[in-house]
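Below is one structure, written out as structure tokens, with a few remarks after it.
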Amino acid sequence: MSKLKKKSRKRKLLLILFGVIFGLLMTEVFLRVVGYSAPLFYTPDYFRGVVLRPNVVGTYQREGRTYVSINSEGLRDREHSIAKPANTIRIALLGDSYCEALQVPLEQTFWRLLQQKLESCDQFAGKHIEVINFGVSGYGAGQELITLQQRVWQYSPDIVMLLMTTNNDISDNLRSLKKTDEIPYFYYRGDELIVDNSFRDSPAFRWHSSTLNRAGVWFRDNLRTIQLVYEVHLLIKTKLDERRARNQTPAPAPAQVAKQSAPEITVENMIYLEPRDAVWNEAWDVTEGLLKEIHNEVNQKGAKFVLVLGSNPIQVHPDRAVRERFQSYVGVDNLFYPNLRLAQLANREQIDFLDLAQPLQSYADDKKVFLHGFGKEIGNGHWNADGHREAAELIEQKMCSDAASKP
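Residue numbers for the sequence shown follow my numbering, so the first one is 4 and each next one is one higher.
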């Protein structure tokens, strides 16, 4: 009797195992038939902490839904020759996720549109314009400086353009605000900026660089089911984090209540305030120091440096009342403290400078259009197609005007 029970138990276990395997196979087949893909777009890097993975293709759908292809050099861009073609003006674009722009198709990105617009500009008549996008999500000025030094110069650019987004580009340059140990940081030793590469010894970076993790990445690359499980896990985590992010556009509240809430202002919203403590003063000092380093490096190479400021969602919200409620919540008269401070830096250092936020706010007010966000998250997140298009228009106007004013 016991032998029969054991055989019956084994048979049941085998049936369960077969059912699980069959179910996973059917799930895998279904996901492939419907065209689902969510590959890992990033990989560890010894110098910058993280970079885009060369030759990865797949669908990005955390914001919008876009088919994304990373080129053989690890750029979210088409292929570019190392040697600059004749009669070509090359623009190297540095930045973070706003430049990487996984949220929109390649042909809708501001830098691809900028390339087309500049070729129609009389001041660049007869010249081919080539923009090369070096943007990577999450990058701060430190990683952008390293990218400039290690990757950009081999392409011999005539112009280096850095797009900053003040929402997190200041806090990204300080470990205590960025809150990750997997990237390099810069700090001041006296008057000198020193790079801290201790991330290379962090457990997380060592794990992501390990052979075992690379094996896991291989399975994820090749199994849609694993991609789906990872994305579901990330979605749940994101939804939990959204409660904190909603502080970016708070509900209507009397001014006195907003003042009582001020001590709870999140890191993302502290950027609209003049620094109140040593941490934020250091973040600003390091950021400004890195921008000066980038400017000096570009000058030394004989290229032109252009600093462009993007917009944060709340800065260009098309409803003035929403912006004013947010200002009351934070305790400021306007949302442009970081923009004005960086404009002053550019003036002191003679950096070619363009602030997109205020003209984009005027455009959003006039057209009553959201320039950030997609679907249910319209008004939050990254630039949508309208945001990219208007950014390209404003940058093109400045570059054409500057070229026309030259003797």
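For each residue, glycine too, the CB sits at the ideal point set by N, CA and C.
Check: Taking all protein chains shown into account, do 16 or more other C-beta atoms lie within 10 angstroms of the C-beta of P316, making it buried, or fewer, making it exposed?
Finding: Locating residue 316 in the sequence shown gives position 313, counting from the first residue. Answer is buried; the Cβ neighbour count reaches 16.
Item checked: Three or more C-beta pairs below 8 Å linking the stretch 121–141 and the stretch 87–106 -> yes
Next item on the list: Would you mind working out which of I94, R154 and T168 sits nearest A360, comparing C-alpha positions?
Entry: Start at 1 with the first residue of the sequence shown, and residue 360 comes out as number 357. Considering only alpha carbons, the answer is T168.
Next item on the list: Measure how close the beta-carbons of F356 and L310 come, nearest whole angstrom, since I'm counting them as under 8 Å.
Entry: Looking up residue 356 in the sequence shown gives position 353. Looking up residue 310 in the sequence shown gives position 307. That belief holds up - the Cβ atoms of F356 and L310 are roughly 5 Å apart, short of 8 Å.
Margin query: I need the straight-line Cα distance from I92 to F50, nearest angstrom please.
Written below: The residue labelled residue 92 in the question sits at position 89 within the sequence shown. The residue labelled residue 50 in the question sits at position 47 within the sequence shown. Answer to the nearest angstrom: the Cα atoms are 28 Å apart.
Next item on the list: Have a look at A281 and E352 and give me their C-alpha separation to the nearest angstrom.
Entry: Residue mapping note: residue 281 aligns to position 278 of the sequence shown, counting from 1. Residue mapping note: residue 352 aligns to position 349 of the sequence shown, counting from 1. Between A281 and E352, the C-alpha separation is close to 24 Å.
Next item on the list: Provide the residue span of the alpha helix (DSSP H) that contains P362, from first to last.
Entry: Numbered from its first residue, the sequence shown carries residue 362 at position 359. That run of the alpha helix (DSSP H) goes A360 to K370.
Check: Taking C-beta to C-beta, are T228 and L27 nearer than 7 Å?
Finding: Mapped onto the sequence shown, residue 228 falls at position 225. Mapped onto the sequence shown, residue 27 falls at position 24. The answer is yes: Cβ separation under 7 Å.
Item checked: Spatial neighbours of S179 in its chain, beta-carbon cut-off 7 Å, leaving aside the 5 residues before and after -> Position 176 of the sequence shown, counted from the first residue, corresponds to residue 179. Taken in chain order, the residues that qualify are V282.
Check: Helix or strand or just coil, what does DSSP make of Y49?
Finding: Taking the first residue of the sequence shown as position 1, residue 49 is located at position 46. Three-state result, Y49: coil.
Margin query: On the criterion of 16 or more Cβ atoms from any shown chain inside 10 Å, does S404 qualify as buried, or is it exposed?
Written below: Numbered from 1 along the sequence shown, position 401 holds the residue referred to as residue 404. S404 is exposed by the Cβ-count criterion.
Next item on the list: Could you pull out every unbroken beta strand (DSSP E) segment of at least 3 residues lying fully inside the stretch 128–207, listed in chain order?
Entry: 131–136, 162–167, 188–192 and 195–199
Item checked: Y101 - DSSP class collapsed to helix/strand/coil -> Taking the sequence shown and counting its residues from 1, one reaches residue 101 at position 98. Three-state result, Y101: helix.
Item checked: At least three beta-carbon pairs within less than 8 Å, the stretch 381–394 to the stretch 110–128 -> yes
Margin query: Taking the beta carbon of A324 as the centre, do at least 16 other beta carbons fall within 10 Å, making it buried, or is it exposed?
Written below: Position 321 of the sequence shown, counting from 1, holds the residue named residue 324. By the neighbour-count rule (16 or more Cβ atoms within 10 Å), A324 is not buried but exposed.
Notebook entry, point to check: When the distance is taken between beta carbons, is T150 closer than 7 Å to P108?
Noted result: The count along the sequence shown starts at 1 and reaches residue 108 at position 105. The count along the sequence shown starts at 1 and reaches residue 150 at position 147. No, the pair does not count as a contact, with Cβ atoms beyond the cut-off.
Check: Quick one: what's got a C-beta closer than 8 Å to G52's C-beta in the same chain, skipping five residues either side?
Finding: Position 49 of the sequence shown, counting from 1, holds the residue named residue 52. Contacts found: Q146, E185, I186, P187, F202 and F208.
Item checked: Residues near L55 in its chain [Cβ-Cβ closer than 8 Å; skip 5 each side] -> By 1-based counting over the sequence shown, the position of residue 55 is 52. Correct list, in chain order: F44, Y45, T46, I73, G77, L78, R79, E103 and V139.
Item checked: Alpha carbon of Q230 to alpha carbon of G67, nearest angstrom -> Against the sequence shown, residue 230 aligns to sequence position 227. Against the sequence shown, residue 67 aligns to sequence position 64. For Q230 and G67, the distance between alpha carbons rounds to 18 Å.
Notebook entry, point to check: Going by the beta-carbon positions, is the gap between G61 and P42 smaller than 7 Å?
Noted result: As a working mapping, residue 61 is identified with position 58 in the sequence shown. As a working mapping, residue 42 is identified with position 39 in the sequence shown. Against a cut-off of 7 Å, the Cβ pair of P42 and G61 comes out as a contact.
Note to self: By alpha-carbon positions, which one of F25, L16 and V134 ends up nearest to R81?
What the structure shows: Sequence index remark: in the sequence shown, residue 81 carries index 78 (1-based). Answer by Cα proximity: V134.
Next item on the list: Note down the Cα distance separating P257 from R328, rounded to an integer number of angstroms.
Entry: Against the sequence shown, residue 257 aligns to sequence position 254. Against the sequence shown, residue 328 aligns to sequence position 325. Model confidence at P257 stands at a pLDDT of 35, short of 50, so the residue's coordinates are unreliable; what they give is reported in the following sentence. Each residue's alpha carbon lies about 9 Å from the other.
Notebook entry, point to check: Where DSSP assigns a beta bridge to T269, which residues make up the other side?
Noted result: Within the sequence shown, the letter at position 266 stands for residue 269. Its beta-bridge partners do not exist; DSSP assigns none.
Check: Would you say I306 and D161 are within 7 Å of each other, going by their C-beta atoms?
Finding: Position 303 of the sequence shown, counting from 1, holds the residue named residue 306. Position 158 of the sequence shown, counting from 1, holds the residue named residue 161. Per the sequence shown, residue 306 should be read as Ala rather than Ile. In this structure, D161 lies closer than 7 Å to A306 by Cβ.
Checklist line | 6 Å CB neighbourhood of A254 in its chain, flanking five on each side removed | finding: Position 251 of the sequence shown, counting from 1, holds the residue named residue 254. At A254 the pLDDT is 41, less than 50, meaning the model places this residue with poor confidence; the figure from the coordinates comes in the next sentence. Here the set comprises nothing.
Item checked: Option in P341, D336, D322 and I381 with minimal Cα separation from K370 -> What you label residue 370 is simply residue 367 of the sequence shown in a count that begins at 1. When only C-alpha atoms are compared, the closest one is D322.
Margin query: Quick check on Q263: buried or exposed, where buried means 16 or more other Cβ atoms within 10 Å of its Cβ?
Written below: Here residue 263 is taken as the residue at index 260 of the sequence shown, counted from 1. For Q263, the predicted model reports a pLDDT of 31, less than 50, meaning its position is unreliable; a value from the coordinates is still stated below. It counts as exposed.
Check: Is it true that the CB of N90 sits closer than 7 Å to the CB of S75?
Finding: Here residue 75 corresponds to residue number 72 of the sequence shown, with the count starting at 1. Here residue 90 corresponds to residue number 87 of the sequence shown, with the count starting at 1. Contact flag unset, no.
Note to self: Would N176 and T269 qualify as a contact pair, given that the criterion is a beta-carbon distance under 7 Å?
What the structure shows: On the sequence shown, residue 176 is found 173 positions in, with the first residue counted as 1. On the sequence shown, residue 269 is found 266 positions in, with the first residue counted as 1. Not in contact: N176 and T269 (Cβ atoms no closer than 7 Å).
Notebook entry, point to check: When burial is assigned at 16 or more other CB atoms within 10 Å of the CB, is F308 buried or exposed?
Noted result: Translated into the one-based positions of the sequence shown, residue 308 becomes position 305. Answer is buried; the Cβ neighbour count reaches 16.
Checklist line | As assigned by DSSP and simplified to three states, the class of S11 | finding: Locating residue 11 in the sequence shown gives position 8, where the first residue counts as 1. Three-state DSSP puts S11 in a helix.
Notebook entry, point to check: By DSSP, does T290 sit in helix, in strand, or in coil?
Noted result: On the sequence shown, residue 290 is found 287 positions in, with the first residue counted as 1. Helix.
Margin query: Please report the straight-line C-alpha distance between R344 and R154, rounded to a whole angstrom.
Written below: Translated into positions along the sequence shown, residue 344 becomes position 341. Translated into positions along the sequence shown, residue 154 becomes position 151. Computed Cα separation, rounded: 29 Å.
Checklist line | Where L312 falls: helix, strand or coil (DSSP) | finding: For the purposes of this step, residue 312 is identified with residue 309 of the sequence shown, where counting begins at 1. The answer is strand: DSSP assigns L312 an E or B state.
Note to self: What does the alpha-carbon distance come out to for the pair T252 and Q400?
What the structure shows: In the sequence shown, residue 252 corresponds to position 249, counting from 1. In the sequence shown, residue 400 corresponds to position 397, counting from 1. Caution applies to T252, whose pLDDT of 44 falls short of 50 and renders its modelled position unreliable; the model cannot decide the point.
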